[in-house]
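A.B. asks: Structure in structure tokens, see below.
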Amino acid sequence: MGVFRQMKTPTIFDKYERKQFMNLKQALIDNDSIRLGVTASDWKEAVKLAVEPLVESGAVKAEYYDAIIASTAQYGPYYILMPGMAMPHARPEAGVQRDAFSLITLTHPVKFQDGKEVSVLLALAATSSKIHTSVAIPQIIALFELENSVERLQSCQTKEEVLAMIDESKDSPYLEGLDLES
1 MGVFRQMKTP TIFDKYERKQ FMNLKQALID NDSIRLGVTA SDWKEAVKLA
51 VEPLVESGAV KAEYYDAIIA STAQYGPYYI LMPGMAMPHA RPEAGVQRDA
101 FSLITLTHPV KFQDGKEVSV LLALAATSSK IHTSVAIPQI IALFELENSV
151 ERLQSCQTKE EVLAMIDESK DSPYLEGLDL ES
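Residues 1 to 182, numbered by the UniProt record's numbering, are exactly what the sequence shown covers, in order.
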């Protein structure tokens, strides 16, 4: 708990900007993009497995994976947001067709080139930087601010358990101004 406390809570301007958005829970349902207990031999395969549901649903083109790998080679794994959790993503112009999320848990953590290990990947496809920062990130923070979130996601046996955790995060101050019921 508290990993994201240094990030500011939404401002009134942010709330105004966030009226049109994607809903994490609904995106995972609509794209059938939760995969639990997946095995990956390395970080590249883990990212590929996280992006696959987005490709299958038409949310991103296949080259989106290549863009994430190229970006990681250039900048390092900038999308490891906390111990055990990564949010692989690339620029909207790298093949994003529509806003979407996918979530995978790994049977064993994979090690990235900086030595950090990850066992939960929440891939993001965002059509704009505004969606990324004002809409997607607050929902991800809300989920991962839950006590023992990575461990709890790792222990989920069903998609419904994952969705219940997302419901549990709905009262987070990071979600102020987002109408998650519509």
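A virtual CB, placed ideally from N, CA and C, is assigned to each residue, including glycine.
A quick note: this is a predicted structure, and the numbers were derived from the prediction, not measured.
1) Can you confirm whether the region 77-87 touches the region 28-41 when touching is taken to mean that 3 or more C-beta pairs between the two stretches lie within less than 8 Å?
2) For Glu117, write down the residues that DSSP places opposite it in a beta bridge.
3) What is the DSSP secondary structure of Thr72, counted as helix, strand or coil?
4) Thinking C-beta only, is Thr127 closer than 8 Å to Pro173?
5) For Ser102, does the three-state DSSP call read helix, strand or coil?
6) In three-state DSSP terms, what is Arg91?
7) Quick test of the definition: if touching needs 3 or more C-beta pairs under 8 Å, does the region 94-104 touch the region 22-36?
8) Out of curiosity, what's the CA-to-CA distance linking Phe144 and Val60?
9) Given that a residue counts as buried once 16 or more other Cβ atoms are within 10 Å of its Cβ, and exposed if not, what is Asn23?
10) Check whether the region 67-81 and the region 112-124 are in contact - that is, three or more C-beta pairs closer than 8 Å.
C.D. replies: Inspection of the coordinates gives the following:
1) No, they do not touch.
2) Lys111.
3) DSSP, read as helix, strand or coil, puts Thr72 in helix.
4) Result no, Cβ atoms of Pro173 and Thr127 do not sit closer than 8 Å.
5) When secondary structure is reduced to three states using DSSP, Ser102 falls in the strand class.
6) Coil at Arg91, not helix or strand.
7) Cβ pair count under 8 Å is three or more, so yes.
8) Each residue's Cα considered, the two are about 24 Å apart.
9) Asn23 counts as buried, since no fewer than 16 other beta carbons sit within 10 angstroms of its beta carbon.
10) As far as the Cβ criterion goes, the region 67-81 touches the region 112-124, which means the pair count is three or higher.
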